[in-house]
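In the working numbering, the protein residues as written are 3 to 393.
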Ligand SMILES: Cc1cc2nc3c(=O)[nH]c(=O)nc-3n(C[C@H](O)[C@H](O)[C@H](O)COP(=O)(O)OP(=O)(O)OC[C@H]3O[C@@H](n4cnc5c(N)ncnc54)[C@H](O)[C@@H]3O)c2cc1C
């Protein structure tokens, strides 16, 4: 088939590569005029996210991620409250993106193509239109256009991501900039600090060029903080030049008074090691936390994939894993069925189930940590995983 994938991030790239390898004629269209960079900072790396790279592209997992062997909880006085053995892998959005992109033929990854609309999804072919005036006609269109998906908004009017009541402050620092005591305390672990109506996690990720060797890594933090709508959230999301953002504030865009407040709060309330990391972060950035449950992913000759479909909160570290898993499930369903609509129906059924349980699980984690204060360190339900904790 001739297949167009709209959105060239982790989900779109994985789908494009798998569908191409299955023999289809695939092009991935990305609205950004240049290759994507530095989005999302660190990611907890679940096997689904790296599956294409390790199974199909011969990439060594140690070259794209950092292994840790502990889950560590700190007390406010910087002592270790609890520690358990658990193996995780961490990477960065950039490292995975660049590896996937290197597997793509340059002509098949088309930048500067922002989709603005498409023809009847029930006709024998679908033509998508781009803001640059070009069009592309295909047998199947995969919409992997992310959290603010135009496809989702159009095909499912009213399905709008719900603000979870909190945002993630994020940032990273090169490990050589951290004191020896802090580095020792944070080493070989994901480190949590949980306190009323908030929690923060810290883990090592590859350097800016993907370096994974000790001495060349970054330490990344994700700090969930509550902001109510009707003032505080809007003020936070008003960037340095006065523009009101909705989804995120990239590095350098957060207003200085919010950065100062965040650093002051960190010094007063967080363990010294974590506060040090935060205060040394040059350009913290913000991602707003949303979720959204939808009940359809297939529409005629088109389908939604990744964050463009069901959208879970980040607490299972499974966003990119879900996007990649959708891509595998779609490719498998197309291989199993000669009829496209039957394949899409099968894809929809399996991936709705994956998305719904993820949303339910991560909503509960968010509610317990940010509002109910019933997060118990060591609770096995908190272990990262796409289809269940730890899987
Ligand atoms: C605080 C936070 C922490 C997270 N931590 C993790 C983690 O540890 N592990 C993990 O796996 N995930 C994590 N995630 C989630 C992860 O970032 C997303 O789930 C993942 O990026 C979704 O991939 P995607 O390809 O579906 O969409 P996206 O990455 O959003 O990509 C969508 C792409 O589509 C393009 N696009 C949009 N509209 C158009 C258009 N009209 N035409 C053409 N192109 C278009 C965009 O430019 C973009 O490149 C986290 C998210 C947040 C908010």
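Positions of the beta carbon are idealized from the N, C-alpha and C atoms, including for glycine.
For residue 234, there is no enclosing beta strand (DSSP E); the residue is part of the alpha helix (DSSP H) that begins and ends at 234–238.
Nearest neighbour of residue 123 by Cα position, chosen from 219, 19, 109 and 139, turns out to be 139. Between the region 182–189 and the region 263–280, the count of Cβ pairs shorter than 8 Å is three or higher; the stretches touch. Residue pairing for residue 225: DSSP places it in a beta bridge opposite 171 and 202. Here residue 288 has 169, 170, 171, 172, 238, 239, 250, 251 and 256 as same chain residues with Cβ atoms under 8 Å from its own Cβ, once five neighbours each way along the sequence are excluded.
Not one heavy atom of ligand 1 is found less than 7 Å from the C-beta of residue 280. Distance between residue 32 and residue 12, taken at the CA atoms: about 12 Å. Under the 10 Å beta carbon count, residue 355 is surrounded by fewer than 16 other beta carbons and is classified as exposed. In the three-state DSSP reduction, residue 120 falls in the strand class (E or B). Residue 13: member of the alpha helix (DSSP H) spanning 12–23, first to last residue. Sixteen is the threshold: since fewer than 16 other Cβ atoms of the shown chains lie within 10 Å of the Cβ of residue 343, the residue is exposed. Distance from the C-beta of residue 115 to the nearest heavy atom of ligand 1 is below 7 Å. Per DSSP, the unbroken beta strand (DSSP E) holding residue 87 starts and ends at 82–94.
For residue 139, the uninterrupted beta strand (DSSP E) run begins and ends at 137–140, by DSSP. In the three-state reduction of the DSSP assignment, residue 27 falls in the strand class, which pools E and B. Looking at the DSSP output, residue 44 shares a beta bridge with 94. Under DSSP, the beta-bridge partners assigned to residue 76 are 82.
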